[in-house]
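Colleague: Note that the working numbering has the sequence shown beginning at 1, numbered continuously upward.
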Amino acid sequence: MQHRGHSEDMEMSEELTEMNEMDKAHSEKKPGHFCKDCSKFYLTQNWKCHLGGRLHRINVAKTRQRNKLTCPQSLVAETEVAQLENLSEELSERYCKDCDIYPGVRWAHHLASPSHVFNAMRLSQRKESIADDERITVDRTITDDESMTGMEEVVKESSAEHTHYCEDCDGTYAGVEWERHLISEEHVDNVERSMQWDEDMLCDGDTTVSSPAIQAPPPITPECYVDEAKSTPSPADASGRQEWYCDVCDVNLIVEGTWTIGEHMARHEQEMYKRFEVRKEPWRRQLEEAAAQVGG
Numbered sequence: 001m002q003h004r005g006h007s008e009d010m011e012m013s014e015e016l017t018e019m020n021e022m023d024k025a026h027s028e029k030k031p032g033h034f035c036k037d038c039s040k041f042y043l044t045q046n047w048k049c050h051l052g053g054r055l056h057r058i059n060v061a062k063t064r065q066r067n068k069l070t071c072p073q074s075l076v077a078e079t080e081v082a083q084l085e086n087l088s089e090e091l092s093e094r095y096c097k098d099c100d101i102y103p104g105v106r107w108a109h110h111l112a113s114p115s116h117v118f119n120a121m122r123l124s125q126r127k128e129s130i131a132d133d134e135r136i137t138v139d140r141t142i143t144d145d146e147s148m149t150g151m152e153e154v155v156k157e158s159s160a161e162h163t164h165y166c167e168d169c170d171g172t173y174a175g176v177e178w179e180r181h182l183i184s185e186e187h188v189d190n191v192e193r194s195m196q197w198d199e200d201m202l203c204d205g206d207t208t209v210s211s212p213a214i215q216a217p218p219p220i221t222p223e224c225y226v227d228e229a230k231s232t233p234s235p236a237d238a239s240g241r242q243e244w245y246c247d248v249c250d251v252n253l254i255v256e257g258t259w260t261i262g263e264h265m266a267r268h269e270q271e272m273y274k275r276f277e278v279r280k281e282p283w284r285r286q287l288e289e290a291a292a293q294v295g296g
């Protein structure tokens, strides 16, 4: 009788513990499960780890032993208990902390999967980052000037070999200097000056091309050849064809009359205008976007 009374007291105590734990979890609105064997409430993310833990297995064995003494009619075979304990131990050994899953018998396949490799690398990098943050001690506040100076040094080192040539300003710039140059007043003025010059040259080229004197002769494709030594213009032959040197192409051309030369130079002017064409309205925005791309 005394033994039965003691058992009833233990059961009542366990029920009160379970009710208190569940009331506490319900008040805090935390999802989870209550373990009767351990008389403790566990969150959902910790439930699997708890089931495979050593403490839980010990409490399960104690519960079964207590039930064996108090309730002989509901005993579980010892072989079944051993199988359950072995299963819990296997689950504990097969738990992957990086992926928070139990692969079980597919352990080798899981280790070779891309998802496990990715999670393992991410966890390792996170641990290294946390360790680095813990080692770093901030003794003083870094000013904006010091921060910009350090950033400029990094950018200069990374782009030391990559330079840019500005045809409008006839200068070479690298790294942060190129970004600053694109938004400088000097560069903006030179771009506007180049735009005005290109428009004037285009107007002159259009006039030259549309001249009746140039359009009168039939079109003739000039024969071009590259000569290492620049030769002087030769006198015209009997057919009116003569040799002329184009300093833009750096070649000697066989032309027939001045109209061919004018047509050739007009094509150069049109190509230059297309190459250096910049819209007047959004030119500042274009320069800022170019500077942002270089800086990025």
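We treat Cβ as the ideally placed atom computed from N, Cα and C, and that holds for glycine. Fair warning: this is a prediction, and the values are worked out from it, not measured in the lab.
Is the beta carbon of C38 sitting closer than 8 Å to the one on N59?
Modeller: Contact: yes.
Colleague: The beta strand (DSSP E) spanning K48 covers which residue range?
Modeller: Note, K48: premise wrong, no beta strand (DSSP E); alpha helix (DSSP H) at T44 to L51.
Colleague: Would you report the Cα separation of C169 and F118, rounded to the nearest angstrom?
Modeller: Using only the alpha carbons, I get a separation of about 50 Å.
Colleague: Quick one: what's G171 bridged to in DSSP?
Modeller: The partner list for G171 (beta bridge, DSSP) reads C166.
Colleague: Apply the 10 Å Cβ neighbour rule to V357 and answer buried if 16 or more other Cβ atoms are within range, or exposed otherwise.
Modeller: What is shown of the chain runs 1 to 296, which leaves residue 357 out entirely.
Colleague: Hey, out of T44, E263 and D98, whose CA is closest to K127's CA?
Modeller: Closest by alpha carbon: D98.
Colleague: For A290, tell me which candidate among C166, V255 and A112 has the shortest Cα-Cα distance.
Modeller: It is C166.
Colleague: Where does the unbroken alpha helix (DSSP H) through R241 begin, and where does it stop?
Modeller: Note, R241: premise wrong, no alpha helix (DSSP H); beta strand (DSSP E) at R241 to C246.
Colleague: Applying the criterion that 16 or more other CB atoms from any shown protein chain within 10 Å of the CB defines a buried residue, is W107 buried or exposed?
Modeller: Looking at its Cβ environment, which holds fewer than 16 other Cβ atoms inside 10 Å, W107 is exposed.
Colleague: Among E185, W244 and W47, which residue has its Cα nearest to the Cα of I101?
Modeller: Per the Cα distances, W47.
Colleague: Which of helix, strand or coil does DSSP assign to K36?
Modeller: Reduced to three states, the DSSP call for K36 is coil.
Colleague: Is DSSP giving I130 helix, strand or coil here?
Modeller: Looking at I130 - three-state DSSP - the assignment turns out to be helix.
Colleague: What whole-angstrom Cβ distance do V255 and Q242 have, given they're in contact under 8 Å?
Modeller: Sure, about 6 Å apart at Cβ, within 8 Å.
Colleague: For K40 and L55, what's the separation of their Cα atoms in angstroms?
Modeller: Computed Cα separation, rounded: 12 Å.
Colleague: Cβ atoms of Y95 and C35: under 8 Å apart, would you say?
Modeller: No. Outside cutoff.
Colleague: Can you list, in chain order, the residues of its chain with a C-beta nearer than 7 Å to that of N190? Leave out the 5 residues immediately preceding and following it.
Modeller: Contacts found: D168 and C169.
Colleague: To the nearest angstrom, report how far apart E288 and M195 are at their CA atoms.
Modeller: When rounded, the distance between both Cα atoms is 18 Å.
Colleague: For G257, I'd like the list of residues in its chain whose CB is within less than 6 Å of its CB, leaving aside the five on either flank, ordered along the chain.
Modeller: So the list is empty, once near-sequence residues are dropped.
Colleague: Look at the alpha carbon of L182 and the alpha carbon of A292, and state the distance between them as a whole number of angstroms.
Modeller: Taking the straight line from one Cα to the other gives about 10 Å.
Colleague: Where does W197 land, buried or exposed, given buried means 16+ other C-beta within 10 angstroms?
Modeller: So W197 ends up on the exposed side.
Colleague: Can you grab the Cα-Cα spacing for the pair D132 / T172, in whole Å?
Modeller: Each residue's alpha carbon lies about 40 Å from the other.
Colleague: Where do the ends of the alpha helix (DSSP H) carrying A108 lie?
Modeller: A108 -> alpha helix (DSSP H) spans W107 to L111.
Colleague: How big is the Cα-Cα spacing for S115 and H33?
Modeller: Each residue's Cα considered, the two are about 28 Å apart.
Colleague: Just reading off the beta strand (DSSP E) that I254 is part of, what are its end residues?
Modeller: V251 to E256 is the extent of the beta strand (DSSP E) around I254.
Colleague: Can you list, in chain order, the residues of its chain whose CB lies under 8 Å from that of Q45, leaving out five sequence neighbours each side?
Modeller: Only D100 meet the Cβ criterion.
Colleague: Can you tell me the Cα-Cα spacing of S113 and R122, whole angstroms?
Modeller: If I take the Cα positions, the gap works out to 15 Å.
Colleague: Between the alpha carbons of S184 and E177, how many angstroms are there, rounded?
Modeller: One C-alpha to the other measures close to 10 Å.
Colleague: Taking its Cβ as the centre, do 16 or more other Cβ atoms sit within 10 Å of T260, making it buried, or is it exposed?
Modeller: Buried, since its Cβ has 16 or more Cβ neighbours within 10 Å.
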